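So the structure is just underneath, and the comments pick up after that.
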Amino acid sequence: MSTGRVRTKKKACSSEQSPDNLPLRSSGRQVKKKAAEAADDDDEASEKKYRKCEKAGCTATCPVCFASAAERCAKNGYTSRWYHLSCGEHFCNECFDHYYRSHKDGYEKYTAWKRIWTSNGKSEPSPKAFMADQQLPYWVQCTKPDCGKWRQLTKEIQLTPQIAKTYRCGMKLNNSTKTEGSDQCSMPEDLRVAEVSDHWWYSMLILPPLLKDSVAAPFLAAYYPDCVGMSPSCTSTNRLPGESNLVKLEHLKSVPNVTVPGLNKYFQPFYQPNECGKALCVRPDVMELDELYEFPEYSRDPTMYLALRNLILALWYTNCKEALTPQKCIHHIIVRGLVRIRCVQEMERILHFMTRKGLINTGILSVSPDQYLLPKEYHNKSVIIVGAGAAGLAAARQLHNFGIKVIILEAKDRIGGRVWDDKTFKGVTVGRGAQIVNGCVNNPMALMCEQLGITMHKLGERCDLIQEGGRITDPTIDKRMDFHFNAILDVVSEWRKDKTQHQDVPLGEKIQEIYKAFIQESGIQFSELEEKVLQFHLSNLEYACGSNLSQVSARSWDHNEFFAQFAGDHTLLTVGYSTVIEKLAEGLDIRLNFPVQTIDYSGEEVQLTTADGTVWTTQKVLVTIPLALLQNNTIQFNPPLSEKKIKAINSLGAGVIEKIALQFPYRFWDSKIQGADFFGHVPPNSSQRGLFSVFYDMDPEGKESILMSVVTGDAVTTIKNLDDKQVLQQCMTVLRELFKEQ
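Position one of the sequence shown corresponds to residue 1 (full-length UniProt numbering), numbered consecutively onward.
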């Protein structure tokens, strides 16, 4: 084990190691002193006892061969050429020949490595890549709190996460005991270690680090390992026998989601090849714009950044129930050479960036004051959040875990906002507001449910459409009208391509116009039942938009589709959203019954005044109140909000959906819908579109007898002035029509 450089009085060399004895060349000339050799550097006739590294800018004047593979290895002496890997790591021409020349002993080992590398990787399997991947010694840091020095392991030692996690100076790794004698931590650290943190050292690195046995490997099986920061020589990155890289990538075009054993199926942090449009997802082989802005030094070669970022993401999703810290990450960095020191140094910076960005360390985490997620410079900041709904609580939890002082001011006497669960039904929670999670892949709700051990019930795709009278609609009719309905929306998409905001029209009006034109031009006549089924699909669109289609923009009705979406299953949160909301709120400073009236942000600090006259002072304020309250100017801002913000606020709309839940003595619908999670109600005419259009079975286990239905579109207005009993009577009338035989 090398614990420092050897110094001699013969020559002052800045290198990996100073030479003790330089081999003499049989020229008959007298050995000149180092000063004379330097002066006669250009004189070809002069004989040298050592050779500098020829890499421009390399600081090693007396390189030392780390490989020691060839019998005639130059070690710290003369060689005809030094091969540069970094400013502290070189190998001699003799060791190069040992592996590269077919008649040498090391050639078979090199070619065996080359075959594996070529079959898995994309980069060139060069001798330098072989040396970096197979021959460089590992470096490991002493875990003793008052030491932390870096030590070079001997060549035969293979670094593992367990060794990195437990290593102490002087530890014998073959039997995990310490050497006898003096305290090994007192030995000086190798002088090369201090150079690694300098920017120029990284710029002189010939090959980027490729991690071995990275935790990210199972996530990234579809990629060339060396394109995502991993070594192609490891078993964890091996492809299937006989499978070419082309086949490997082509196969995954049709099966984009790689399954990682033991991982929640909704956790998909990396895009697969040819995939796009998933929220909270990153390309494992490309840096995003905000990453390039934060880490411009990796713009030329992003390999090290990608290796560490991908490792961090994989570790987080492997165990999202605990905060991910640099200490938990660094022992998973397995790479040969001094570059491992650089990777460990960069890990904290990258991890903090990803935490700020919200890619990791989010959701319901319990973080103690001595383990805040961000450095101390964040801990003296203060934020007041207005509104204790889901947005306000999630933001407060995250800022609190960062170490920032947070207060939440809530106008009501409860938390949750639109999340308000009714637990008066026997054995079942019914959400008065949100309860269905639309698109679970990478959805923060899926993450928080995993953190809390909550099972999300996947809603099946089957939805029988039942007509009044009790008949189930022929599925072919449903499919046909669904096709025509989507074709109409495709025509709307074509129409809007060149339209400005001033040329916008209501979506309902445009759909009716296209529908009439289609009937006239095609001569197709839909049956009365088909017309009714089309009305059902229109009511479903109003359910999705939360509004009558006359109030929805034909130009922008699906503008959210231009952004990455939460894809995948729709699920029912049977325990209710409030279970998650209450956990988010635990330990936060929440002040109920404090409606905010004014926010003055004209000075260095922000001042808020609540209805009781209390003045609150903070550095920053985050407003999470409902859109309608912003539109009604419930809070007065000083100075007034910018014209751009006011225009955005007034250009948005928030619709209304009514819900009704009913508990019955028995499950009368079971025999007809046969285990489906929901069923549809075909409206008898367009005027009743949206009136109890879908019914959900609220107990997937089939023990309790509870149905929940929704009222959407114009139907919301028709029941607006009715009391609960009258709405109940209307709903029962519909159910008796749908289930006459029951």
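Glycine is no exception: its CB is placed at the ideal position from the N, C-alpha and C atoms.
Keep in mind the model is a prediction, meaning the values are calculated, not measured.
In this chain, the beta strand (DSSP E) harbouring Q607 covers V606 to T610. Here the segment 553 to 569 makes contact with the segment 477 to 496; the two share three or more CB pairs at distances below 8 Å. The segment 357 to 417 contains, as complete beta strand (DSSP E) runs of 3+ residues, the segments 382 to 386 and 405 to 409 (chain order). Within the same chain, Cβ atoms closer than 7 Å to the Cβ of V428 are found at M698, D699, E704 and I706, the five residues on either side in sequence being excluded. When Cβ pairs closer than 8 Å are counted between the two stretches, the segment 214 to 224 is seen not to touch the segment 193 to 201, the count staying below three.
Take the alpha-carbon of Y78 and the one of Q268: they are about 53 Å apart. CA-to-CA, the gap between G389 and K155 works out to about 58 Å. Residue environment for A307: buried (at least 16 other C-beta atoms within 10 angstroms of its C-beta). A residue is called buried when at least 16 other Cβ atoms come within 10 angstroms of its Cβ; N93 meets this threshold and is buried.
Residue state for S186 is assigned as helix, using DSSP reduced to three classes. The Cβ atoms of F695 and G713 lie no closer than 9 Å to each other. Closest by C-alpha distance to Y100, out of P127, S86, H90 and K75, is P127. Following the DSSP letters along the chain, one finds L691 in no alpha helix (DSSP H) but inside the beta strand (DSSP E) bounded by residues L691 to D697.
Within the UniProt domain "SWIRM" (273 to 371), the complete alpha helix (DSSP H) segments of 4 residues or longer fall at 289 to 294, 303 to 318, 326 to 330 and 339 to 357, listed in chain order. Scanning T579, D478, I350 and V339 for the CA closest to the CA of K423 turns up T579. Counting the other Cβ atoms within 10 Å of the Cβ of F566 gives 16 or more, which makes it buried. Between D589 and V406, the beta carbon gap of about 7 Å places them in contact (Cβ cut-off 8 Å). Beta-bridge analysis with DSSP links C92 to W82.
Relative to C185, the option among C169, G439, I660 and Y305 whose CA is nearest is C169.
Nearest C-alpha to I511 among I524, Q158, L534 and Q501: L534.
DSSP links S553 through a beta bridge to P506. When the Cα atoms are used, K583 and Q729 turn out to be separated by approximately 38 Å.
K645 and P209 have their C-alpha atoms some 46 Å from each other. At a Cβ-Cβ threshold of 9 Å, Q674 and Q636 do not count as neighbours. Restricting attention to H84, G363, C142 and D482, the CA atom closest to the CA of G453 is found in G363. Under the three-state reduction of DSSP, N548 is assigned to coil, being neither helix nor strand. For the options V228, P218 and G229, the alpha carbon positioned closest to that of S236 is the one of P218. No residue range can be given for H559, since it is assigned to no alpha helix (DSSP H) and is classified by DSSP as neither H nor E. Here M481 really is in contact with H537; their C-beta atoms are around 6 Å apart, less than 8 Å.
At a Cβ-Cβ threshold of 9 Å, L529 and T473 count as neighbours.
Bridge pairing for D422: V430 [DSSP].
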